[in-house]
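Numbering (the numbering used here), first residue to last: -13 to 208.
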């Protein structure tokens, strides 16, 4: 309890907690929408250059994240998004892994006959996505949601670069500020880290069944 009290005295823990929760939740929702929509397009629609564009998309997964820090910061500066939550939420809302994951799942889980039946009933493409595809791919969405939320919650480098106001610090940046220049109170830092893992346990418990279902998809043949 002493270490917990020290954490609460030294940093605005709950403010940073809600900052991280707000950023991670909105970012996850955007990723789920855009990646599933793009994955549906790559999986079920024929358009010129589809395969080339998909290969190019996969190639971007081999680039290290640190390579884009400086260009991304310049873009955020020009957009006047520095020291703003928009810089944490909107960039990377559609990422290569999410699109690849959803495209592979939709290709195998959503049969063309279902889409054709929907078109006969008068559904347009977006209605097919919303009413037919999304209910089927819930395990894949849950898996992607969990992975994205964890990545956003644990992200340290990018928030450290774009945030300067302590009131807007995410939890990872706030906890890192507990390190002194010459001394490190490891017991206090471990207490803060333990407090920060509680939401992750809750999220995993909520999505665990769908997460396991999504990972096991395709491993058992009918």
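For glycine and all other residues, C-beta sits at the position ideal for the given N, C-alpha and C.
Query raised in the report: Under a Cβ-count criterion, where at least 16 other Cβ atoms within 10 Å of its own Cβ denotes burial, should residue 87 be classed as buried or exposed?
Result: With 16 or more Cβ atoms within 10 Å of its Cβ, residue 87 is classed as buried.
Query raised in the report: Shortest alpha-carbon distance to residue 103 belongs to which of 138, 114 and 66?
Result: Taking the Cα of residue 103 as reference, the smallest distance to any Cα among 138, 114 and 66 is reached at 114.
Query raised in the report: Assuming residue 18 contacts residue 127 under a Cβ cut-off of 8 angstroms, what Cβ separation, rounded to an integer in Å, is found between them?
Result: Going by Cβ atoms, the distance from residue 18 to residue 127 rounds to 6 angstroms, so yes, they are a contact pair.
Query raised in the report: Which term fits residue 153, buried or exposed, when burial requires 16 or more other beta carbons within 10 angstroms of its beta carbon?
Result: By the Cβ neighbour-count rule, residue 153 is exposed, with fewer than 16 other Cβ atoms within 10 Å of its own.
**Report entry** Contact the segment 159 to 178 vs the segment 25 to 36: 3+ CB pairs below 8 angstroms
**Finding:** The answer is no - the segment 25 to 36 does not touch the segment 159 to 178, with fewer than three Cβ pairs under 8 angstroms.
Query - Under the three-state DSSP convention, the category residue 32 falls into - result: Reduced to three states, the DSSP call for residue 32 is coil.
Query - Nearest residue (CA-CA) to residue 14, options 34, 187, -1 and 84 - result: With distances taken between Cα atoms, residue 14 lies closest to 84.
Query raised in the report: In three-state terms, what does DSSP make of residue 123?
Result: Residue 123 carries a coil assignment under DSSP once its states are collapsed to helix, strand and coil.
Query raised in the report: For the alpha helix (DSSP H) that contains residue 95, what are its first and last residues?
Result: Residue 95 -> alpha helix (DSSP H) spans 82 to 95.
Query - First through last residue of the alpha helix (DSSP H) which encompasses residue 64 - result: Start and end: 55 to 64.
**Report entry** Run of the alpha helix (DSSP H) containing residue 105, from where it starts to where it stops
**Finding:** Per DSSP, residue 105 belongs to the alpha helix (DSSP H) from 98 to 106.
Query raised in the report: What residue ranges within the segment -6 to 34 form continuous alpha helix (DSSP H) runs of no fewer than 4 residues, ordered along the chain?
Result: Within the segment -6 to 34, the complete alpha helix (DSSP H) runs of at least 4 residues are -1 to 30.
Query raised in the report: Shortest alpha-carbon distance to residue -7 belongs to which of 186, 190, 183 and 161?
Result: For residue -7, the nearest C-alpha among the options comes from 161.
Query raised in the report: Straight-line CA distance for residue 77 to residue 21?
Result: So the alpha carbons of these two residues sit roughly 13 angstroms apart.
Requested in this report: Return helix, strand or coil for residue 175, following the three-state DSSP convention.
Outcome: Three-state DSSP puts residue 175 in a helix.
Query raised in the report: Taking the alpha helix (DSSP H) that residue 76 falls in, what are its first and last residues?
Result: Taken as a continuous stretch (DSSP letters only), residue 76 belongs to no alpha helix (DSSP H), as it is neither H nor E.
Query raised in the report: What separation, rounded to the nearest whole angstrom, lies between the Cα atoms of residue 2 and residue 37?
Result: One C-alpha to the other measures close to 42 angstroms.
Requested in this report: State the DSSP-derived secondary structure class of residue 204, mapped to helix, strand or coil.
Outcome: Below a pLDDT of 50, predicted positions are generally treated as unreliable, and residue 204, at 47, falls in that range; the measurement from the model is reported next regardless. Under the three-state reduction of DSSP output, residue 204 falls in the coil class, being neither helix nor strand.
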